[in-house]
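Counted from 1, the sequence shown has number 77 at position 77 by my numbering; the numbering is strictly sequential.
For every residue, glycine included, the Cβ atom is placed at its ideal position computed from N, Cα and C.
Below is one structure; the comments refer to it alone.
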Amino acid sequence: MKKLFFIFVILGFSSSVVAETIKAHVPGMVCPLCLVGIQKQFKKDVEDPKRDIVLDLENKTVTIYTKQNISDNKIKKKIKDGGYKVQSIERIPDQNSDSDKDEKKNKKNVDKEEKENQK
């Protein structure tokens, strides 16, 4: 009986939330200020809105890095409440940990600073 109890305890802890990347195609977004309204809408759904919500103006996409399960309807509603309409949503299981994501972001910042220093 004790063995069975411990098996259930271990299984309970091993079913952690999987990180996910959500890409929403939002054609109406045209400037960096568009991101501010979207960040406000998702501030309770991500750890750090400024880090975990990324706007790609060229491709008209909003990328959301989250560990929470956010339904497509909730995403559409939040973006609509931010003043925009979602054309499509793509979900990508996250293969990287938070530390990997932070490491990549830090590398981009270092590369950017190096380019500015070379000018």
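**OP:** Go through its chain and collect everything with a Cβ distance to Lys-50's Cβ below 6 angstroms, but skip five positions before and after it.
**Re:** For the purposes of this step, residue 50 is taken as residue 50 along the sequence shown, with counting starting at 1. Closer than 6 angstroms at the Cβ level, and outside the excluded window around Lys-50, lies no residue.
Subject >> Three-way DSSP call (helix, strand, coil) for Asp-45 in this model >> reply: The count along the sequence shown starts at 1 and reaches residue 45 at position 45. Coil, per DSSP.
Subject >> Neighbour-count burial assignment, Lys-44, 16 or more Cβ in a 10 Å radius >> reply: Taking the sequence shown and counting its residues from 1, the one referred to as residue 44 is at position 44. Label assigned to Lys-44: exposed.
Subject >> Test item: CB-CB of Ile-79 and Lys-23 under 8 angstroms >> reply: In the sequence shown, residue 79 corresponds to position 79, counting from 1. In the sequence shown, residue 23 corresponds to position 23, counting from 1. Not closer than 8 angstroms, so no.
Original post:
For Phe-6, is the classification buried or exposed, using 16 other Cβ atoms within 10 angstroms of its Cβ as the cut-off for buried?
Top reply: Walking along the sequence shown from the start, residue 6 turns up at place 6. Note that Phe-6 has pLDDT 47, beneath the 50 cutoff, so the model's placement of it is unreliable and the number below is only indicative. Result: exposed.
Subject >> Which residues DSSP lists as bridging Tyr-65, in chain order >> reply: Indexing the sequence shown from 1 puts residue 65 at position 65. Answer is Thr-21.
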